[in-house]
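Going line by line, the protein sequences match chains A and B. Counting from 243, one number per residue, gives the positions in the first sequence under this note's numbering. Counting from 243, one number per residue, gives the positions in the second sequence under this note's numbering. Here's the structure, in structure tokens; my notes come after.
Number of protein chains: 2
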Amino acid sequence: MASEIRDLDHLCIHTITTKPLEFEVACAKYAALGVKGISIWRDAVDGLDHHAVRECLRTNELTPASYVRGGFFPALQVEKRDAAIEDNIAMLQEAAAMEIPMLVLVCGAEPRQALQTSRDQIREGIEAILPEAKKLNVKLAIEPLHPMYADTRSAITSLAQANDMAEYFSDDYLGIALDVYHLWFDNDLERQIKRCGSNNNLFAFHICDWNVPTTDMLLDRGLMGEGCIPLKQIRGWVEKAGFRGFNEVEIFSNKFWEGDQDLFLDQIVNAYRQHS
Amino acid sequence: MASEIRDLDHLCIHTITTKPLEFEVACAKYAALGVKGISIWRDAVDGLDHHAVRECLRTNELTPASYVRGGFFPALQVEKRDAAIEDNIAMLQEAAAMEIPMLVLVCGAEPRQALQTSRDQIREGIEAILPEAKKLNVKLAIEPLHPMYADTRSAITSLAQANDMAEYFSDDYLGIALDVYHLWFDNDLERQIKRCGSNNNLFAFHICDWNVPTTDMLLDRGLMGEGCIPLKQIRGWVEKAGFRGFNEVEIFSNKFWEGDQDLFLDQIVNAYRQHS
Numbered sequence: 243m244a245s246e247i248r249d250l251d252h253l254c255i256h257t258i259t260t261k262p263l264e265f266e267v268a269c270a271k272y273a274a275l276g277v278k279g280i281s282i283w284r285d286a287v288d289g290l291d292h293h294a295v296r297e298c299l300r301t302n303e304l305t306p307a308s309y310v311r312g313g314f315f316p317a318l319q320v321e322k323r324d325a326a327i328e329d330n331i332a333m334l335q336e337a338a339a340m341e342i343p344m345l346v347l348v349c350g351a352e353p354r355q356a357l358q359t360s361r362d363q364i365r366e367g368i369e370a371i372l373p374e375a376k377k378l379n380v381k382l383a384i385e386p387l388h389p390m391y392a393d394t395r396s397a398i399t400s401l402a403q404a405n406d407m408a409e410y411f412s413d414d415y416l417g418i419a420l421d422v423y424h425l426w427f428d429n430d431l432e433r434q435i436k437r438c439g440s441n442n443n444l445f446a447f448h449i450c451d452w453n454v455p456t457t458d459m460l461l462d463r464g465l466m467g468e469g470c471i472p473l474k475q476i477r478g479w480v481e482k483a484g485f486r487g488f489n490e491v492e493i494f495s496n497k498f499w500e501g502d503q504d505l506f507l508d509q510i511v512n513a514y515r516q517h518s
Numbered sequence: 243m244a245s246e247i248r249d250l251d252h253l254c255i256h257t258i259t260t261k262p263l264e265f266e267v268a269c270a271k272y273a274a275l276g277v278k279g280i281s282i283w284r285d286a287v288d289g290l291d292h293h294a295v296r297e298c299l300r301t302n303e304l305t306p307a308s309y310v311r312g313g314f315f316p317a318l319q320v321e322k323r324d325a326a327i328e329d330n331i332a333m334l335q336e337a338a339a340m341e342i343p344m345l346v347l348v349c350g351a352e353p354r355q356a357l358q359t360s361r362d363q364i365r366e367g368i369e370a371i372l373p374e375a376k377k378l379n380v381k382l383a384i385e386p387l388h389p390m391y392a393d394t395r396s397a398i399t400s401l402a403q404a405n406d407m408a409e410y411f412s413d414d415y416l417g418i419a420l421d422v423y424h425l426w427f428d429n430d431l432e433r434q435i436k437r438c439g440s441n442n443n444l445f446a447f448h449i450c451d452w453n454v455p456t457t458d459m460l461l462d463r464g465l466m467g468e469g470c471i472p473l474k475q476i477r478g479w480v481e482k483a484g485f486r487g488f489n490e491v492e493i494f495s496n497k498f499w500e501g502d503q504d505l506f507l508d509q510i511v512n513a514y515r516q517h518s
């Protein structure tokens, strides 16, 4: 089983989780609660000065975990694929400028072509940006998504496929972001996590819960402990595979976004201590 | 690739597809269009005399494919699991009385217990009803469901798992109903279909499409050709695996249910000819 959670040293929150908060406000609130890590969504820092972002992180003693989210490589037209590559390189430069060590890739899918074609284009996209990632010292993390997003968001729908892709490149700068929301049901999950860790590809671990019932395919993620994901069990597998990084809380939820964000942050910390 | 569709001899429609129609009306309309098969949902014949149902099928020259849907075996309490088994046996008796040769199993899941526990209870449930199925000459078809239904509807979320379960029993009366909606994204699908066919476990083939975007997790299935499922490719694999049964149209759709059912049936026949 997972190690006991005694402190918040491994707690990281994605800015999207508290979407209504301005970046500086979010940082201050996270820090006040003792949160140590932050994963930064591009929209949260859009228009902000990179130096100011770094200062804000330093002041609040927050360690940036990931920049979210690159990817979306597949497209019918080569011009669009090239544009996606350019945009990913821009994100790598932004991450480097803010001293964020990793870019999460939501790899993308194009419903008018075969999933395998989209996967080939994802591989080509990663190939194109990997040299820049190395040069800038920003790692890339493939995030396999739930199969319900296979139409437009990710042709990579399992940890097995993400492992295949990471092992194809076998590069210290390319690994995997494992989100329990996308993979909890997979009866091959324990074995694939072990495989991921033993190849040094386990770069990030995202947590939340699957609401029963789920009322929205995108924006109804649950707080840890509210749903049916065996979170402690999966965290145990992740730790057994050698992962020692952040437990990143990434919750998209209309319900929580509409509510009081201070209350929500308290709930996150409590849920993290009790149910993660 | 799939064989060319030259006629409607293999077209079957699930009564749920035209949910607003009374059973006798649905039968007459299907027959008028040249549809040859019908899969009957329990609610569609609730309260009807079994002899009258048989007569209605005979009059309209409709061949019953499946009775839908048994299963839902997992539960926390043994009393509930026993009740599910009793209900499945009742469905087998109803199917036999209406001369429907197969019962589709939506196997079930209980979100408060491990998926593996639910799968064990599914196995126990099948074990309990299989003797009755053989006695009544009604086959059982496990339907693996999309992982987005793993919380409450099915702990069996892939064709690989369904194959495992069917091969565990290795019984002429237990096989698999393959629905493209639940499995289209699986990069192991071709191989698992081949495996399913070579073990004589491919009992039924359900078709529809995945809408882009999908607006409801349950009731927004698309008409063939409207979405992103590579239907002809999958039918090709199914036929190559030896399947010669019905192509069963099973569409749950608030949009189509609210519309004119005659128009919808015309659309189904056209979509079947062009896009299946």
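Glycine included, each C-beta is placed from N, C-alpha and C at the ideal position.
Check each candidate in the options and name the one with the smallest Cα separation from residue i.
{"i": "Ile384 (chain A)", "options": "A:Tyr309, A:Ala339 and A:Ile280", "result": "A:Tyr309"}
{"i": "Gly312 (chain B)", "options": "B:Ile371, B:Cys254 and B:Glu246", "result": "B:Ile371"}
{"i": "Arg433 (chain A)", "options": "A:Phe445, A:Tyr410 and A:Val480", "result": "A:Val480"}
{"i": "Glu297 (chain B)", "options": "B:Glu328, B:Phe265 and B:Ser440", "result": "B:Phe265"}
{"i": "Leu347 (chain A)", "options": "A:Glu321, A:Phe445 and A:Asp291", "result": "A:Phe445"}
{"i": "Asp458 (chain B)", "options": "B:Ala274, B:Ala325 and B:Tyr391", "result": "B:Tyr391"}
{"i": "Trp426 (chain A)", "options": "A:Ala404, A:Asn302, A:Gln355 and A:Cys470", "result": "A:Cys470"}
{"i": "Phe314 (chain A)", "options": "A:Val277, A:Arg515 and A:Gly367", "result": "A:Gly367"}
{"i": "Lys497 (chain B)", "options": "B:Gln358, B:Lys261 and B:Ala375", "result": "B:Lys261"}
{"i": "Ile280 (chain A)", "options": "A:Ala294, A:Leu290, A:Asp291 and A:Thr259", "result": "A:Thr259"}
{"i": "Cys450 (chain B)", "options": "B:Asp504, B:Glu336 and B:Val422", "result": "B:Val422"}
{"i": "Cys349 (chain A)", "options": "A:Ser440, A:Asn453, A:Ala404 and A:Gln335", "result": "A:Ala404"}
{"i": "Leu378 (chain A)", "options": "A:Leu431, A:Leu420, A:Pro455 and A:Gln335", "result": "A:Gln335"}
{"i": "Phe488 (chain B)", "options": "B:Ala419, B:Ala339, B:Met407 and B:Glu409", "result": "B:Ala419"}
{"i": "Asp406 (chain B)", "options": "B:Leu507, B:Arg437 and B:Arg395", "result": "B:Arg437"}
{"i": "Gly247 (chain A)", "options": "A:Gly478, A:Ile255 and A:Asp291", "result": "A quick correction: the sequence has Ile, not Gly, at residue 247 (chain A). Per the Cα distances, A:Gly478."}
{"i": "Ala318 (chain A)", "options": "A:Glu303, A:His293 and A:Ser360", "result": "The amino acid at residue 318 (chain A) is misidentified as Ala; the sequence shows Leu. Here the closest residue by C-alpha is A:Ser360."}
{"i": "Thr456 (chain A)", "options": "B:Asp393, B:Lys322, B:Glu321 and B:Leu345", "result": "B:Asp393"}
{"i": "His358 (chain A)", "options": "B:Phe506, B:Leu431 and B:Gln516", "result": "Looking at the sequence provided, one finds Gln at residue 358 (chain A) rather than His. When each option's Cα is compared against that of Gln358 (chain A), the closest is B:Leu431."}
{"i": "His448 (chain B)", "options": "B:Ala408, B:Leu275, B:Asn441 and B:Arg486", "result": "B:Arg486"}
{"i": "Arg284 (chain A)", "options": "A:Gly276, A:Lys278, A:Val295 and A:Leu275", "result": "A:Val295"}
{"i": "Glu369 (chain A)", "options": "A:Lys278, A:Glu490, A:Glu492 and A:Ser412", "result": "A:Ser412"}
{"i": "Trp499 (chain B)", "options": "B:His517, B:Pro316, B:Thr257 and B:Met340", "result": "B:Thr257"}
Kindly indicate which three-state DSSP category residue i falls into: helix, strand or coil?
{"i": "Arg463 (chain B)", "result": "strand"}
{"i": "Asp451 (chain B)", "result": "strand"}
{"i": "Ile510 (chain A)", "result": "helix"}
{"i": "Met390 (chain B)", "result": "helix"}
{"i": "Asp421 (chain B)", "result": "strand"}
{"i": "Pro306 (chain B)", "result": "strand"}
{"i": "Ser495 (chain A)", "result": "strand"}
{"i": "Phe445 (chain B)", "result": "strand"}
{"i": "Leu347 (chain B)", "result": "strand"}
{"i": "Trp426 (chain A)", "result": "coil"}
{"i": "Cys254 (chain B)", "result": "strand"}
{"i": "Asn489 (chain A)", "result": "strand"}
{"i": "Arg311 (chain B)", "result": "strand"}
{"i": "Ser400 (chain B)", "result": "coil"}
What residues of chain B sit near residue i, judged by a beta carbon separation below 9 Å?
{"i": "Leu465 (chain A)", "result": "The premise fails here: Leu465 (chain A) is roughly 15 Å from chain B at the closest Cβ pair, so nothing lies under 9 Å."}
Can you list the residues of chain A that residue i reaches, using a CB-CB cut of under 7 Å?
{"i": "Thr359 (chain B)", "result": "Neighbours of Thr359 (chain B) on chain A: none; closest Cβ ~11 Å, over 7 Å."}
{"i": "Phe427 (chain B)", "result": "Leu357, Pro389, Ala392 and Thr399"}
{"i": "Cys470 (chain B)", "result": "Pro353 and Asp393"}
{"i": "Gln516 (chain B)", "result": "Residues of chain A passing the Cβ test: none, with the nearest at roughly 17 Å."}
{"i": "Gln335 (chain B)", "result": "In chain order: nothing, as chain A lies at least about 32 Å away."}
I want to verify the contact list: residues of chain B whose CB lies under 7 Å from the CB of residue i, in sequence order.
{"i": "Trp452 (chain A)", "result": "Asp393"}
Interface residues of chain A around residue i at Cβ under 8 Å?
{"i": "Gln319 (chain B)", "result": "Near Gln319 (chain B) there are no residues of chain A at all, since even the closest Cβ is about 18 Å away, more than 8 Å."}
Given that residue i touches chain A, what residues does it touch there, using C-beta distances under 9 Å?
{"i": "Met459 (chain B)", "result": "Met390, Pro455, Thr456, Thr457, Asp458 and Met459"}
{"i": "Gln403 (chain B)", "result": "Asn429"}
Since residue i and residue j are thought to touch, with beta carbons under 8 Å apart, how far apart are those beta carbons, to the nearest angstrom?
{"i": "Val380 (chain A)", "j": "Pro343 (chain A)", "result": "6 Å"}
{"i": "Pro306 (chain A)", "j": "Pro389 (chain B)", "result": "That belief does not hold up - the Cβ atoms of Pro306 (chain A) and Pro389 (chain B) are roughly 32 Å apart, past 8 Å."}
{"i": "Leu250 (chain B)", "j": "Val511 (chain B)", "result": "7 Å"}
{"i": "Ala375 (chain A)", "j": "Tyr415 (chain A)", "result": "5 Å"}
{"i": "Met494 (chain A)", "j": "Leu461 (chain A)", "result": "Residue 494 (chain A) is actually Phe in this sequence, not Met. About 5 Å separates the two Cβ atoms, so the contact holds."}
{"i": "Glu303 (chain B)", "j": "Ala273 (chain B)", "result": "6 Å"}
{"i": "Gly417 (chain A)", "j": "Asn443 (chain A)", "result": "4 Å"}
{"i": "Val277 (chain A)", "j": "Ile255 (chain A)", "result": "6 Å"}
Is there a C-beta anywhere in chain E that falls below 8 Å from the one on residue i?
{"i": "Glu328 (chain A)", "result": "Chain labels in this structure do not include chain E; the protein chains are A and B."}
message: Does the contact criterion of 3 or more C-beta pairs under 8 Å hold for the segment 324-335 of chain B versus the segment 392-404 of chain B?
response: no
*asked:* With a threshold of 8 Å, are at least 3 pairs of Cβ atoms found where one atom belongs to the segment 285-303 of chain B and the other to the segment 257-271 of chain B?
replied: yes
| message | Quick check: the segment 411-429 of chain A against the segment 355-364 of chain A, are at least 3 beta-carbon pairs closer than 8 Å? | response | no
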